[in-house]
Each structure stands twice: as C-alpha cells, then as structure tokens.
Amino acid sequence: MGAVVIIPARYASTRLPGKPIIEVVRAVTGKHLIQHVYERAAAAPSVERVIVATDDQRIFDAVRQFGGEAQMTDPDHRSGADRIAEVAAALESRLIVNVQGDEPEILPEQVEQVIRMLVKDAAAVMSTLAHPIESEDELHDPNVVKVVLDNDGYALYFSRSAIPYLRDHEGPLGGAPARPLRHLGIYGYRRDFLLRYSELAPSPLEEAEKLEQLRALSAGYRIKVALTPHRSIGIDTQEDLEAWLGKYR
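Residue numbering for the sequence shown follows the numbering used here, starting at 96 and increasing by one per position.
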C-alpha cells in the first residue's frame with residue numbers, strides 16, 4: 096500500500112530562522128537541510144510521493160530547484176498536522192506520513208516502519224516511533240518528549256516530564272522495570288483520520304504540554320508506537336546544527 100510523505104517546512108523558526116534552507120548547510124554538505132530530509136523519505140520502499148508543504152516562497156523555490164515537489168499552504172496554520180492536512184485533502188492515497196523538515200538523520204526504514212504499522216494493524220489510525228532513553232539528563236530534559244505505552248504498543252501518554260516515574264529504581268535506566276522512551280517526531284496517519292484530526296480543537300492537555308499529538312489521545316483516538324534503535328535528532332538550535340555539520344567537516 097503506497098504512502099505519501101508530506102514534510103511541513105516553515106521559514107519563521109524562532110530559534111533558527113530559515114532553517115530548511117539555511118545557507119551554511121548547503122555550503123558544508125552540498126544540499127539544503129530540506130533536501131537531506133526529502134531524499135531520505137523518498138528512499139522508503141512504500142513511499143510513492145514526497146511533498147514539501149510550506150508557507151514560504153523561498154523554500155518552495157529551493158525544493159523545486161533540486162527537483163522536489165512542493166506546495167504552498169496557508170501561513171496561519173496552528174500546527175504541522177494542520178499544514179499537512181491541507182495538502183492531504185487533495186490526495187487519493189489512504190496513508191500519509193508526516194516527516195519533520197528538520198530531521199536530516201531520519202532513515203528510510205523508519206519511514207517504512209510507521210507505514211507498516213498502519214498496514215498491519217487495522218485498529219491504528221496513527222503511528223509513530225520511540226527510542227529508549229539513555230541518560231538521566233535526557234529523561235529530565237523538557238525538550239525531550241517522553242511516551243509511555245500500554246501492553247499492545249499503543250501510547251498511553253506523551254509528556255515533557257519524566258515518565259514513567261521510577262519510584263523504587265536506582266541504577267542504569269536500562270534495568271528499570273519500565274524503560275523510559277523518547278518520542279521521535281514522525282507520524283503515520285490514515286488520510287481520513289488526519290482530515291478529522293485537523294478539525295479538532297486543541298485539547299487542554301495539548302495546550303499545557305505544547306504537544307499536538309495529545310489532541311488525538313484526548314479525543315479518544317489510539318496511536319500505535321514502535322521502537323527503533325536509531326536516534327533521529329532534529330535540528331532545533333544553533334548547537335544542534337553545529338553538531339550535525341561536524342559530521343561533514
């Protein structure tokens with residue numbers, strides 16, 4: 096079952112303006128950041144099309160320049176899910192994948208993983224990935240989103256706080272009775288669900304944590320989660336950017 100990847104890409108990042116096409120990335124790696132993401136997503140076997148959804152003409156032009164597909168979207172969308180829903184509304188594919196435009200280390204097999212979860216589990220309307228947390232610093236970092244799962248691999252809750260609370264555990268996190276998990280910002284959706292989801296009002300939990308996936312959980316929808324051994328870290332700050340570019344220098 097073929098899927099379409101939609102990559103939301105905004106120019107007006109608070110911490111790193113112009114991030115998808117910031118020139119230093121092309122100078123060091125030969126490609127814009129958005130091209131790295133685009134090409135990795137396109138390499139997943141079940142992906143039949145990749146579209147960059149943007150509100151900025153400069154990003155649109157840069158994507159077209161390297162031969163990619165881009166669509167202009169409403170600049171007033173409140174979240175990335177709303178931006179990709181605008182593009183998905185005109186598509187026929189039943190499966191949509193949201194890959195963040197600042198994740199140049201995303202692997203094609205991770206994109207494939209979120210697609211396969213929806214293919215194999217008819218009860219799942221949304222899918223995503225998580226990775227075991229490796230340090231106490233990461234566990235208590237509010238910029239690291241955590242997720243806890245039920246026995247069937249569905250998300251119970253996402254939070255910026257340290258969850259689960261390891262009451263009687265001391266020592267390495269790998270030995271904890273419930274290993275803390277870091278959520279990775281990639282999502283698979285059934286298209287019909289995505290269109291309904293984008294019409295939902297933000298929930299109080301979403302507003303409190305600033306995590307849009309809590310809108311789905313609050314409305315009673317289930318999110319399937321699979322584990323991945325690969326940590327795909329987004330480029331959110333100048334420090335993140337320099338660390339990633341260091342691999343090319």
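Built from N, CA and C at the ideal position, the CB exists for glycine as well. Fair warning: this is a prediction, and the values are worked out from it, not measured in the lab.
Legend entry - Spatially closest choice to residue 331 from 239, 230, 262 and 192, by CA coordinates: Working through the sequence shown from its first residue, we reach residue 331 at position 236. Nearest to residue 331 by C-alpha distance, out of 239, 230, 262 and 192, is 239.
Legend entry - contact_flag[the stretch 261-281, the stretch 222-240] where n(CB pairs < 8 Å) is 3 or more: yes
Legend entry - Element boundaries [beta strand (DSSP E), containing residue 173]: What you label residue 173 is simply residue 78 of the sequence shown in a count that begins at 1. Segment: none, residue 173 is in no beta strand (DSSP E) and carries neither H nor E.
Inset, instruction - Quick one: residues in its chain with C-beta nearer than 6 Å to the C-beta of residue 145, no 5 flanking neighbours on either side, listed in chain order? - result: Counting from 1 along the sequence shown, the entry for residue 145 is found at position 50. Contacts found: 100, 133, 136 and 137.
Legend entry - Close beta carbons around residue 323, own chain, < 6 Å, minus the five adjacent residues each side: Position 228 of the sequence shown, counted from the first residue, corresponds to residue 323. The answer, listed in chain order, is 205, 224 and 226.
Legend entry - Span of the beta strand (DSSP E), counted from its first residue to its last, around residue 253: Numbered from its first residue, the sequence shown carries residue 253 at position 158. 250-254 is the extent of the beta strand (DSSP E) around residue 253.
Legend entry - Whole-angstrom C-beta distance between residue 166 and residue 148, which should lie under 8 Å: Position 53 of the sequence shown, counted from the start, is the residue given in the question as residue 148. Position 71 of the sequence shown, counted from the start, is the residue given in the question as residue 166. Indeed they touch by this definition, with Cβ atoms about 6 Å apart.
Legend entry - Outcome for residue 109 when other beta-carbon atoms lying within 10 angstroms are tallied against a minimum of 16: By 1-based counting over the sequence shown, the position of residue 109 is 14. Residue 109 is exposed by the Cβ-count criterion.
Inset, instruction - Please determine, among 298, 260 and 185, the residue with the shortest C-alpha to C-alpha distance to residue 290. - result: Start at 1 with the first residue of the sequence shown, and residue 290 comes out as number 195. The candidate whose alpha carbon is nearest that of residue 290 is 185.
Legend entry - Segment contact flag, the stretch 196-204 with the stretch 246-262, C-beta cutoff 8 Å, min 3 pairs: With the rule of 3 Cβ pairs closer than 8 Å, the stretch 196-204 does not count as touching the stretch 246-262.
Legend entry - Euclidean distance between Cα positions of residue 38 and residue 280: Nothing in the structure corresponds to residue 38, since the chain is present only between 96 and 344.
Legend entry - Check whether residue 286 and residue 183 have beta carbons under 8 Å apart: Position 191 of the sequence shown, counted from the start, is the residue given in the question as residue 286. Position 88 of the sequence shown, counted from the start, is the residue given in the question as residue 183. Their beta carbons are under 8 Å apart, which means residue 286 touches residue 183 by this criterion.
Inset, instruction - On a CA-only basis, which of 161, 190 and 169 is nearest residue 105? Give me that one, please. - result: Here residue 105 refers to the residue found at position 10 when the sequence shown is read from its first residue. Minimum Cα distance to residue 105 is reached at 169.
Inset, instruction - Quick one: give me the first and last residue of the beta strand (DSSP E) that residue 191 is part of. - result: Locating residue 191 in the sequence shown gives position 96, counting from the first residue. Counting along the chain, the beta strand (DSSP E) containing residue 191 begins and ends at 190-194.
Inset, instruction - Select from 241, 164, 282 and 308 the residue whose C-alpha is nearest the C-alpha of residue 347. - result: No answer is possible for residue 347: it lies beyond the span of the chain, which begins at 96 and ends at 344.
Inset, instruction - Could you check if residue 264 is buried or exposed, using at least 16 other CB atoms within 10 Å of its CB as the buried criterion? - result: For this step, residue 264 is matched to residue 169 along the sequence shown. So residue 264 ends up on the exposed side.
Inset, instruction - Determine the burial state of residue 114: buried for a count of at least 16 other Cβ atoms within 10 Å of its Cβ, exposed for fewer. - result: What you label residue 114 is simply residue 19 of the sequence shown in a count that begins at 1. Buried is the call here.
Legend entry - C-beta atoms of residue 256 and residue 180 nearer than 8 Å: Numbered from its first residue, the sequence shown carries residue 256 at position 161. Numbered from its first residue, the sequence shown carries residue 180 at position 85. No, the pair does not count as a contact, with Cβ atoms beyond the cut-off.
Inset, instruction - Could you tell me if residue 284 is buried or exposed, where buried requires 16 or more neighbouring beta carbons within 10 angstroms of its beta carbon? - result: Your numbering for residue 284 matches position 189 in the sequence shown. That one is buried.
Inset, instruction - Return the first residue and the last residue of the beta strand (DSSP E) that residue 310 is part of. - result: Your numbering for residue 310 matches position 215 in the sequence shown. From DSSP, residue 310 is part of no beta strand (DSSP E) but of the alpha helix (DSSP H) over 308-313.
Inset, instruction - Say yes only if the C-beta of residue 140 is nearer than 7 Å to one or more non-hydrogen atoms of the ligand NAP, and no if none qualify. - result: Although the ligand NAP was asked about, the structure shown includes no ligands whatsoever.
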